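Contents: one structure, followed by commentary.
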Amino acid sequence: APAPPPGCASVFAMTERTSFVGNLAASAFSASFAEVCTIPMDTAKVRLQLQGAASSAGGAAKPRYAGMVGTMVTVAKEEGVGALWKGITPGIHRQVLFGGLRIGLYEPIKTLYVGKDHVGEVPLHLKIAAGMTTGALGIAVASPTDLVKVRMQAEGKLPAGVAKRYPSALGAYGIIAKQEGILALWTGLTPNVARNAVINAAELASYDQVKSYLMANGMEDGIPTHLLSGLGAGFVACCVGSPVDVIKSRVMGDSTGKYAGFVDCVVKTVRAEGPLAFYKGFIPNFGRLGSWNVVMFLTLEQVKKAMRERDL
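If you count the sequence shown from 1, you need to add 232 to reach the numbering used here.
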């Protein structure tokens, strides 16, 4: 891609006045805000993905959920509107850790790979490598928060008198560690690292690339550019990340031992449902990733702009 015009600010870059901690904080805040805005779609996505796993095991029962909007309406009717935000507490935990690290470390890692004396546009393959590295590092730290989030989202309406399995997010960490062992908090780490390395590289590298291309072709560094770049990042991430996302949801949502691990889940899913099962929930996944990226990058751009203007 052609180099962007001189003087344009990369949303990932740190200035001489912006501290490393400040960069992490801006990334964590923006990711957390996007999480609050879009988690209803994520809840719908998880329910649809887990429904596929349940129906393949239990025969041809009529699906409970149909489509992203239908799933959100069903959940709201049966469990209350607040149920669409199930898992928001571990979701925020996740974004503070994972979002802060994967986005905040992207520019330093990219600089490490390309060399601090590099001038001009960074090659796409190095942007992808930097995104995969920070995605893998970030989720290795934050994987327990992802597990608790998926478990809480997966819990549907309970019969009268049946207590919730996890009364709170903080309680869930302790319950899982006590009942399944501390290492169980990292259940699904392999598909989670695979998913987040791939999706992070797709999101950050494509946003970086699309924004550079748009600005090199006459668009200003403003909201329309950020909006289009965010949508592009979400679409690319969804296309390449959907298969590992489905496997991650199923392995993490499995507390009965149905799957022996990542490969076993892949094999059983293909045998029972065919390869298209890896794109189940694609529309809600794109709705989620597209809107999440738009909200996150718009917020991050504005936060970083405010920080630059105030010399923070």
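Glycine is no exception: its CB is placed at the ideal position from the N, C-alpha and C atoms. It should be emphasised that the depicted structure is a prediction, and the values quoted were computed from it without experimental measurement.
Bounds of any alpha helix (DSSP H) do not take in E387, whose DSSP letter is neither H nor E. The criterion of a C-beta distance shorter than 8 Å is satisfied by V478 and A509. Residues I341 of the same chain have their beta carbon placed closer than 7 Å to that of T365, with the five preceding and five following residues left out of the count.
Of the residues assessed, E541 falls on the exposed side of the cut-off, its CB having fewer than 16 other CB atoms within 10 angstroms. Between K480 and T457, the beta carbon gap of about 31 Å keeps them out of contact (Cβ cut-off 8 Å).
For Y491, no alpha helix (DSSP H) run applies, since DSSP gives it neither H nor E. Closest by C-alpha distance to P355, out of Y445, T531, M484, is Y445. The closest CA to that of G319, considering only V394, G393, L402, A426, is found on L402.
In its chain, beyond the 5 residues on either side, G370 have a beta carbon closer than 6 Å to the beta carbon of L333. Annotation: P391 to P376 spans about 28 Å, alpha carbon to alpha carbon.
Looking at E435, L379, I431, Q534, the one whose alpha-carbon comes closest to that of E412 is L379. Taken through DSSP and simplified to helix, strand or coil, H357 comes out as helix.
Distance check between G367 and each of S251, V498, L436 places L436 closest, using alpha-carbon atoms only.
Remark: C-beta atoms of V535 and S262 approach each other more closely than 8 Å. Here C497 is not near V476, since their CB atoms are 8 Å or more apart. For K536, the uninterrupted alpha helix (DSSP H) segment begins and ends at 514-541.
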